[in-house]
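Top line first, the protein sequences correspond to chains A and B. At position 89 of the first sequence the residue is numbered 89 (our numbering), and the sequence of numbers has no breaks. At position 49 of the second sequence the residue is numbered 49 (our numbering), and the sequence of numbers has no breaks. Beta carbons are placed, not taken as given, at the ideal position from N, Cα and C, and that holds for glycine. Computed from a predicted model, the values in this text were never measured in an experiment. The structure under discussion appears below in the form of C-alpha cells.
2 protein chains.
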Amino acid sequence: MAMSVPRYLTGDPAGMKEFLDKFDVFLFDCDGVLWSGDHLFPGTVETLELLRSRGKQVVFVTNNSTKSRADYKKKLEALGIPANTVSTHHNYLGQTSANPHDRITNKNPAPLKEEIFSSSYSASIYISRILTLPPNKRKVFVLGETGIEQELRSENVPFIGGTDPFYRRDITPEDYKLIAAGDESLLDPEVGVVLVGLDFHLNYLKLALAYHYIRRGAVFLATNIDSTLPNSGTLFPGAGTVSAPLILMVGRDPVALGKPNQAMMDAIEGKFQFDRARACMVGDRANTDIRFGVEGNLGGTLGVLTGVSSKEDFMEGPVRPGVYLDKLSDLLEAAE
Amino acid sequence: MAMSVPRYLTGDPAGMKEFLDKFDVFLFDCDGVLWSGDHLFPGTVETLELLRSRGKQVVFVTNNSTKSRADYKKKLEALGIPANTVSTHHNYLGQTSANPHDRITNKNPAPLKEEIFSSSYSASIYISRILTLPPNKRKVFVLGETGIEQELRSENVPFIGGTDPFYRRDITPEDYKLIAAGDESLLDPEVGVVLVGLDFHLNYLKLALAYHYIRRGAVFLATNIDSTLPNSGTLFPGAGTVSAPLILMVGRDPVALGKPNQAMMDAIEGKFQFDRARACMVGDRANTDIRFGVEGNLGGTLGVLTGVSSKEDFMEGPVRPGVYLDKLSDLLEAAE
Numbered sequence: 001m002a003m004s005v006p007r008y009l010t011g012d013p014a015g016m017k018e019f020l021d022k023f024d025v026f027l028f029d030c031d032g033v034l035w036s037g038d039h040l041f042p043g044t045v046e047t048l049e050l051l052r053s054r055g056k057q058v059v060f061v062t063n064n065s066t067k068s069r070a071d072y073k074k075k076l077e078a079l080g081i082p083a084n085t086v087s088t089h090h091n092y093l094g095q096t097s098a099n100p101h102d103r104i105t106n107k108n109p110a111p112l113k114e115e116i117f118s119s120s121y122s123a124s125i126y127i128s129r130i131l132t133l134p135p136n137k138r139k140v141f142v143l144g145e146t147g148i149e150q151e152l153r154s155e156n157v158p159f160i161g162g163t164d165p166f167y168r169r170d171i172t173p174e175d176y177k178l179i180a181a182g183d184e185s186l187l188d189p190e191v192g193v194v195l196v197g198l199d200f201h202l203n204y205l206k207l208a209l210a211y212h213y214i215r216r217g218a219v220f221l222a223t224n225i226d227s228t229l230p231n232s233g234t235l236f237p238g239a240g241t242v243s244a245p246l247i248l249m250v251g252r253d254p255v256a257l258g259k260p261n262q263a264m265m266d267a268i269e270g271k272f273q274f275d276r277a278r279a280c281m282v283g284d285r286a287n288t289d290i291r292f293g294v295e296g297n298l299g300g301t302l303g304v305l306t307g308v309s310s311k312e313d314f315m316e317g318p319v320r321p322g323v324y325l326d327k328l329s330d331l332l333e334a335a336e
Numbered sequence: 001m002a003m004s005v006p007r008y009l010t011g012d013p014a015g016m017k018e019f020l021d022k023f024d025v026f027l028f029d030c031d032g033v034l035w036s037g038d039h040l041f042p043g044t045v046e047t048l049e050l051l052r053s054r055g056k057q058v059v060f061v062t063n064n065s066t067k068s069r070a071d072y073k074k075k076l077e078a079l080g081i082p083a084n085t086v087s088t089h090h091n092y093l094g095q096t097s098a099n100p101h102d103r104i105t106n107k108n109p110a111p112l113k114e115e116i117f118s119s120s121y122s123a124s125i126y127i128s129r130i131l132t133l134p135p136n137k138r139k140v141f142v143l144g145e146t147g148i149e150q151e152l153r154s155e156n157v158p159f160i161g162g163t164d165p166f167y168r169r170d171i172t173p174e175d176y177k178l179i180a181a182g183d184e185s186l187l188d189p190e191v192g193v194v195l196v197g198l199d200f201h202l203n204y205l206k207l208a209l210a211y212h213y214i215r216r217g218a219v220f221l222a223t224n225i226d227s228t229l230p231n232s233g234t235l236f237p238g239a240g241t242v243s244a245p246l247i248l249m250v251g252r253d254p255v256a257l258g259k260p261n262q263a264m265m266d267a268i269e270g271k272f273q274f275d276r277a278r279a280c281m282v283g284d285r286a287n288t289d290i291r292f293g294v295e296g297n298l299g300g301t302l303g304v305l306t307g308v309s310s311k312e313d314f315m316e317g318p319v320r321p322g323v324y325l326d327k328l329s330d331l332l333e334a335a336e
C-alpha cells in the first residue's frame, strides 16, 4: 500500500471541511475514539451531532466483545450518544420503521442495534452463516463475557463456557484426570468451535479446556486479537491476551473476526449497502482500525491520538491513516 | 550445531552400556521423564538406582516453578524416589553431612535440596545475586505459586503478589481507576521486577498489574516459558501461557531463567563443580531440555519419548539429542 504521510488536520478547519465533504458514511471505533472505558471524551456527542447534521451516516464498529450490540446501545445512550438518528434522506436502514415516534419512545429498539457492529456479532455471523460444521460438532466453547453469549443466542448458535459459574473456579486434581481421559463431563463431544474473546474471568481451567478442545479438532476462532483495551485513560489487557496462551500452546493463530478482518467489513456492507469510496474509518489503532479501513478499500481513514497508537505510529508505521487529529472533537472546528 | 541423527538406544543394551560409561553426572528433567503429573512412570526408581549403583551423580533439574526445591524433595520422596543418596566416592556436595544417618532420619533435610534445581530457584538466584536494582526498586511482583515465594524468601528477596489472596479476585471499576492513577494501594512504587511463573490462579487483575509494573520500568523476568506442562499423561498450560499475554502487551520477551537459559546451568555447575564433558542432560523436550544440554556444552544429551517431543522432533528438529529412548526405564536393559 502507499506509504504517504498522513495529513494532520487539527487546527486546519478548511482541510477538515474538504475532508468531511468526501464521505457519506463514517465507521467509528469506540474505545479510544469516543471514550476511554467509562470516560466520555469531551465533545464526542457534539461531533457526532455535527456529522449527522450534515447528513452523514454514523456506524459504531467495536472489537470489544464483552458487550453485545444491545449492551453497546445502552452504553452509548448512557453516555448521551443517541445510537440511531436516521435522517430520511440518508436512510441506509431499509428495515427501520417509517414512524420516527417509534424510535423516540424506544418502543421498537431492535433497529437501534443496527448501527452497531461488534466483534462478537461478527463472530456469531461467521459461525452461523459461513462456517460449515458437522451436525454433531456445532457447539461453541466460549472464553468470554455476556456480549458473546448474547450474539451467539441471537444467531441460534449453541454454546457452553462463557459466564457459566461452573468454569469460574480453580482446577482440581480430578479435573486433570477427567480432561486427560477426555471425559464428557468436562469435554463436550459436540464442541466444534472454540471462540475466544476478552474474558475478565480467564482462568487456568478454561485455558486447559480450550486447549484440549482445539487439540481434539475444534476450530480456533477469536472475536479479535487486540493486545490492549483502553480504560480510564490507560491500557488494560485486551482480547488478544486471552488467545495468546492458546496460540503458544497450539502453535497457530485463531481466525480473528473483528477488525481488521474483512469478514466484519463484509457484514457491515451487507447491512448498509454503502459506497466504500464514500466511507471513512475512524480509529485510534493503526494495526486494527486503520488497517480495517485500508484493506477494506474505504475512501478514507482518520486516526485519532486519544487511544493506543501514537503520532509516530501514524506517521511512520506500516499502516497509516489518510488524515489524523489530536482528538475526534477537533472536527468541531469545521463547524465554526 | 551438528545436525547428526540421534542414536536410538531402546533395545540396544550394548549401546546403552557404552553410553552410560561416558558420563559421571546425569541432569534429569522430571515432568515427562520421571513422571507425568502425579503418575510415576514404571521403572523410574529402579533406573535411578541403577545409575547410582554405578556411581553416577543424579541431579534433578525442573522448570516447574510452582514447587520449591523443598517441595520437590517431598514430591520425589512421596513418589518413592530418594532425592539424595550420596555415594562416598562421588560426593559432589561439599557441605553434605559425613554422617549418612542424618540423611536417613531426615533430621538434616537441608542438603537434600541440593540435588534439586528448579527454575524458581534459578530465578531467585538471578534476582538476588546478578540483577542490580536500585535500593528503592528491589521488590518483586510475582505471578506464580508458592514455589517461587519460597525460593525468593530463601534468597531474602522481598516480594508481593504470588499466592496473596488479595490478588485472587475479579477486577473492579475502582481497580481500573486506581491503576490508571498509579495509586500505591495497587501499584507498589518499590516493585522493580515482575517475575512470571506458572500461576494456577492467573486472572485479569494480576495481568493488568504485571503489565503496568513493566510499563513503569520493572524488569520482566520469567522462571521459564514452557508452553505446556505434562500432567496425567497429557498436556496442560505451562508457565509460558502466563507470560504470553504480557509479551503481547509489552512487545518483548522476558528473560527466562529456567532451561534452556544457561544461568541455570551456571548455577548447577557452581554447586556441583562437575566436568561438563562427563555430564548428560536427560529430557523430553528438544527445545528446552536438549537445548539446555547442547548449549551448555555437556558431553551428551538423552531424549525420552514420554513427554512433549516426538520422535520426529528428535530426529528432524532444529535441536536434537545425542541419543534417545522410548522411555527412561529402557535403560534397565543395560543392567541385564
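Taking the alpha-carbon of residue i as reference, which of the options has the nearest alpha-carbon?
i, options, result
"Gly147/B", "Ala123/B, Asn136/B, Pro165/B, Phe166/B", "Ala123/B"
"Asp164/B", "Val142/B, Gly217/B, Ala181/B, Pro321/B", "Val142/B"
"Leu131/A", "Leu79/A, Val255/A, Asp284/A, Val196/A", "Val255/A"
"Thr306/B", "Leu34/B, Glu18/B, Thr10/B, Glu269/B", "Leu34/B"
"Leu331/A", "Phe314/A, Gly299/A, Asn287/A, Val282/A", "Val282/A"
"Tyr72/B", "Pro42/B, Glu151/B, Lys327/B, Leu298/B", "Glu151/B"
"Leu70/A", "Ala263/A, Phe117/A, Gly43/A, Val294/A", "Note that residue 70/A is Ala in the sequence shown, not Leu. Minimum Cα distance to Ala70/A is reached at Phe117/A."
"Ile247/B", "Ile225/B, Pro318/B, Asn261/B, Glu174/B", "Ile225/B"
"Ile268/B", "Lys206/B, Ser119/B, Pro189/B", "Ser119/B"
"Asp266/B", "Arg129/B, Glu46/B, Phe19/B, Val5/B", "Arg129/B"
"Lys393/B", "Lys56/B, Arg291/B, Glu115/B, Ala210/B", "In this structure chain B extends from 1 to 336, so residue 393/B is not present and cannot be described."
"Thr301/A", "Pro260/A, Thr66/A, Glu336/A", "Pro260/A"
"Leu209/B", "Lys75/B, Glu46/B, Pro230/B, Asp170/B", "Asp170/B"
"Asp284/B", "Phe272/B, Arg291/B, Val304/B", "Val304/B"
Within the continuous beta strand (DSSP E) that includes residue i, where are the two ends?
i, result
"Thr44/A", "No beta strand (DSSP E) holds Thr44/A; the alpha helix (DSSP H) holding it covers 44-53."
"Phe159/B", "159-161"
"Phe200/A", "No beta strand (DSSP E) contains Phe200/A, which DSSP labels as neither H nor E."
Which whole-angstrom value is the C-beta distance of residue i and residue j, which I expect to be below 8 Å?
i, j, result
"Thr223/B", "Leu257/B", "6 Å"
"Ala279/B", "Leu27/B", "6 Å"
"Val58/B", "Leu48/B", "6 Å"
"Tyr126/B", "Ala263/B", "6 Å"
"Ser338/A", "Thr62/A", "Here chain A covers residues 1 to 336 and nothing more, so residue 338/A does not appear."
"Phe159/B", "Lys177/B", "No, Phe159/B and Lys177/B are not in contact; Cβ-Cβ is about 25 Å, not under 8 Å."
"Phe274/B", "Asp24/B", "7 Å"
"Arg320/A", "Leu298/A", "14 Å between Cβ atoms; not a contact."
"Gly192/A", "Leu133/A", "5 Å"
"Val196/B", "Ser154/B", "Contact flag wrong, Cβ pair sits at about 19 Å."
"His39/B", "Ser310/B", "Their Cβ separation, rounded to whole angstroms, is 20 Å, which puts His39/B and Ser310/B out of contact at 8 Å."
"Arg168/A", "His212/A", "Between His212/A and Arg168/A the Cβ distance is about 18 Å, and since that is not below 8 Å, they are no contact."
"Leu325/A", "Leu9/A", "5 Å"
"Arg7/A", "Gly270/A", "About 31 Å; that fails the 8 Å criterion."
Taking the DSSP output, what are the residues bridged to residue i?
i, result
"Ile81/A", "Bridge partners of Ile81/A: none, in fact."
"Arg7/A", "Val323/A"
"Gln57/B", "Val25/B"
"Phe236/A", "Leu229/A"
"His212/B", "In DSSP, His212/B forms no bridge with anything."
"Leu221/B", "Leu195/B, Val255/B"
"Ser36/A", "His39/A"
"Thr241/A", "Answer by DSSP bridge pairing: none, since Thr241/A is not bridged."
"Thr345/B", "Outside the shown range of chain B, which is 1 to 336, sits residue 345/B, and nothing can be said about it."
"Asp266/A", "Answer is none; Asp266/A lacks a bridge partner."
"Asp188/B", "Partner(s): none; Asp188/B has no beta bridge."
"Asp31/A", "Trp35/A"
Counting along the chain, where does the alpha helix (DSSP H) carrying residue i start and finish?
i, result
"Phe19/A", "13-21"
"Ile179/B", "173-180"
"Gln273/B", "Taken as a continuous stretch (DSSP letters only), Gln273/B belongs to no alpha helix (DSSP H), as it is neither H nor E."
Run the proximity test for residue i: is its beta-carbon closer than 7 Å to any non-hydrogen atom belonging to the ligand ZN?
i, result
"Leu298/A", "As presented, the structure is devoid of all ligands, the ligand ZN included, so that no description of it is given."
Beta strand (DSSP E) runs wholly inside the stretch 279-314 of chain A, at least 3 long, in chain order: Runs of the beta strand (DSSP E) spanning 3 or more residues and lying entirely within the stretch 279-314 of chain A occur at 279-283, 300-304, in chain order.
- Please list the segments of the alpha helix (DSSP H) lying wholly inside the stretch 111-152 of chain A, counting only runs of 4 or more residues, in order along the chain. Here the runs fully enclosed are 119-125.
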